[in-house]
Amino acid sequence: MELTKPLDALNISKGQSVLVEFKTGVQYQGRLETFDIHLNLVIDDAQELVEGNVKRKLGRMLIRGDQVKFILPFQK
Amino acid sequence: MELTKPLDALNISKGQSVLVEFKTGVQYQGRLETFDIHLNLVIDDAQELVEGNVKRKLGRMLIRGDQVKFILPFQK
Amino acid sequence: MELTKPLDALNISKGQSVLVEFKTGVQYQGRLETFDIHLNLVIDDAQELVEGNVKRKLGRMLIRGDQVKFILPFQK
Amino acid sequence: MELTKPLDALNISKGQSVLVEFKTGVQYQGRLETFDIHLNLVIDDAQELVEGNVKRKLGRMLIRGDQVKFILPFQK
Amino acid sequence: MELTKPLDALNISKGQSVLVEFKTGVQYQGRLETFDIHLNLVIDDAQELVEGNVKRKLGRMLIRGDQVKFILPFQK
Amino acid sequence: MELTKPLDALNISKGQSVLVEFKTGVQYQGRLETFDIHLNLVIDDAQELVEGNVKRKLGRMLIRGDQVKFILPFQK
Amino acid sequence: MELTKPLDALNISKGQSVLVEFKTGVQYQGRLETFDIHLNLVIDDAQELVEGNVKRKLGRMLIRGDQVKFILPFQK
Numbered sequence: 005m006e007l008t009k010p011l012d013a014l015n016i017s018k019g020q021s022v023l024v025e026f027k028t029g030v031q032y033q034g035r036l037e038t039f040d041i042h043l044n045l046v047i048d049d050a051q052e053l054v055e056g057n058v059k060r061k062l063g064r065m066l067i068r069g070d071q072v073k074f075i076l077p078f079q080k
Numbered sequence: 005m006e007l008t009k010p011l012d013a014l015n016i017s018k019g020q021s022v023l024v025e026f027k028t029g030v031q032y033q034g035r036l037e038t039f040d041i042h043l044n045l046v047i048d049d050a051q052e053l054v055e056g057n058v059k060r061k062l063g064r065m066l067i068r069g070d071q072v073k074f075i076l077p078f079q080k
Numbered sequence: 005m006e007l008t009k010p011l012d013a014l015n016i017s018k019g020q021s022v023l024v025e026f027k028t029g030v031q032y033q034g035r036l037e038t039f040d041i042h043l044n045l046v047i048d049d050a051q052e053l054v055e056g057n058v059k060r061k062l063g064r065m066l067i068r069g070d071q072v073k074f075i076l077p078f079q080k
Numbered sequence: 005m006e007l008t009k010p011l012d013a014l015n016i017s018k019g020q021s022v023l024v025e026f027k028t029g030v031q032y033q034g035r036l037e038t039f040d041i042h043l044n045l046v047i048d049d050a051q052e053l054v055e056g057n058v059k060r061k062l063g064r065m066l067i068r069g070d071q072v073k074f075i076l077p078f079q080k
Numbered sequence: 005m006e007l008t009k010p011l012d013a014l015n016i017s018k019g020q021s022v023l024v025e026f027k028t029g030v031q032y033q034g035r036l037e038t039f040d041i042h043l044n045l046v047i048d049d050a051q052e053l054v055e056g057n058v059k060r061k062l063g064r065m066l067i068r069g070d071q072v073k074f075i076l077p078f079q080k
Numbered sequence: 005m006e007l008t009k010p011l012d013a014l015n016i017s018k019g020q021s022v023l024v025e026f027k028t029g030v031q032y033q034g035r036l037e038t039f040d041i042h043l044n045l046v047i048d049d050a051q052e053l054v055e056g057n058v059k060r061k062l063g064r065m066l067i068r069g070d071q072v073k074f075i076l077p078f079q080k
Numbered sequence: 005m006e007l008t009k010p011l012d013a014l015n016i017s018k019g020q021s022v023l024v025e026f027k028t029g030v031q032y033q034g035r036l037e038t039f040d041i042h043l044n045l046v047i048d049d050a051q052e053l054v055e056g057n058v059k060r061k062l063g064r065m066l067i068r069g070d071q072v073k074f075i076l077p078f079q080k
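Residue numbers (our numbering), protein chains in the order written: chain Y, 5 to 80; chain U, 5 to 80; chain W, 5 to 80; chain S, 5 to 80; chain C, 5 to 80; chain E, 5 to 80; chain V, 5 to 80.
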């Protein structure tokens, strides 16, 4: 699917698994529920990954957008 | 409950226990009273947790939104 | 008293003692005179606390809001 | 091609390979899909480069604009 | 005098000595000439204080507001 | 030529060589193509200079304005 | 001359020597050509001073306002 703006990558990922890497390098993987233009995100069944290993299971999680380094959206 | 935007996760958490992790890694757990779009929050019966251990009991607490890394809202 | 937005916690604290923790961890305790939406604050009879010990008595003090980590308002 | 504003350098790079250097010094190379005025970017077939060596293959990737130090756009 | 907003503490300090503590901990003391809503300040006969000792005499000085940690205004 | 605002220094530098020093101290020298009010810049035939020595040749380069410490524009 | 707002201190300094101290502590001295509300500045015949010693002569220089800690304007 062709994207016309960056947040389209999140629109097509709703209900799908995404991976969010924070500025600290820690990653959070979960099913994307919703997001806004600040990149605030809610993901569900979230897992915290440190160097690829699951450290914590966090359930539903509201992420503050300014923490985000990049997001790997749904891979079409 | 389906969320249509990230702050809905806080709307459904009013009066419920939430866990707020700061950018420093320190956590604050308490009953959510109110919040705004900057993620400024008031929680009550707040406890400060350092590596999972209660360090301070803080009562009612107004958190500046820019300190927030993520929030674990009410787990539906 | 029920709060409808975070700054209500400061409204009900005017003339009362509040404790302000800075991002550095240093705390300032004093009687809240006034505040604005940036969390700029004026407190009076301010004391600086480092690890709970009084370090300086500062009288009236204007705090820049972006320094604030959290505020313990009047405990109803 | 003459550019009349900085983001024109990205407009002419759509569908082309670009290299994005982050403030950390880490680089991401991929085919530019879309961008916005904050320099939020989506690149595809992204590779992470650390000191010039491929470290991770990331597929489609949404980059938060505030992480960007500079971008090497399509070299006309 | 009762204050109705934080910057009133500066209004009543014009022409009076104020002490400005920077985020670095360094202090500047001088006679307040003028200020704006960003807490940009001009003080005159400014002295730089490091741990309470005068390090430099700086004359008239324009301070960028984002450097300010707190200000001790005129003590009524 | 007299300047009436800071960005005039860039207007008169279009097509000329400029030197951009980043907050990190690293410098980029190239021919200025275009800029905007955020100090986002595109320079061409860019060279990266570390302590005055050429480290990388980067071709056309889009610089994010918030990285800039200062710019040495065209020296009239 | 009485100032009614902080930037008046720069208005009366046009064509005069000013000293700009950066957040890093490095200083730049030169003749003020122009400025804007962000404290972006152009100074001419600029010299970089490290601990009071001239390190570099930079000619005309455009300074990004967010680098500024304070400015010593024209001393009336």
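Where a beta carbon is used, it is the ideal one built from N, C-alpha and C, also for glycine.
Residue i in three-state terms, based on DSSP
i, result
"Asn15(E)", "helix"
Neighbour-count burial assignment, residue i, 16 or more Cβ in a 10 Å radius
i, result
"Arg60(E)", "exposed"
"Ile75(S)", "buried"
"Ile41(U)", "exposed"
"Gln79(E)", "exposed"
"Val65(V)", "Correcting the residue identity first, residue 65(V) is Met in this sequence and not Val. Met65(V) should be labelled buried."
Pick from the options that is closest to residue i, judged by C-alpha positions
i, options, result
"Leu62(S)", "Asp48(S), Gly56(S) and Lys18(S)", "Asp48(S)"
"Val72(V)", "Leu23(V), Lys9(V) and Ser17(V)", "Leu23(V)"
"Leu45(Y)", "Gln79(Y), Met5(Y), Lys18(Y) and Lys9(Y)", "Lys18(Y)"
"Arg68(C)", "Gln31(V), Leu43(V), Met5(V) and Gly56(V)", "Leu43(V)"
"Pro10(E)", "Pro77(V), Leu53(V), Phe39(V) and Asn57(V)", "Phe39(V)"
"Gln31(W)", "Val58(W), Asn57(W), Asp70(W) and Leu53(W)", "Leu53(W)"
"Asn15(V)", "Arg35(V), Asp70(V) and Gly56(V)", "Arg35(V)"
"Gly56(S)", "Asp70(S), Asp12(S) and Gly29(S)", "Gly29(S)"
"Asp70(W)", "Pro77(C), Lys27(C) and Val58(C)", "Lys27(C)"
Cβ distance (whole Å) where residue i is taken to contact residue j below 8 Å
i, j, result
"Gln33(Y)", "Gln20(Y)", "Actually they do not touch by this definition, with Cβ atoms about 11 Å apart."
"Leu7(E)", "Glu37(V)", "5 Å"
> If you scan the segment 22 to 56 of chain V from start to end, which runs of the beta strand (DSSP E) of 3 or more residues do you find wholly inside it?
Replying inline: 31 to 39 and 45 to 54
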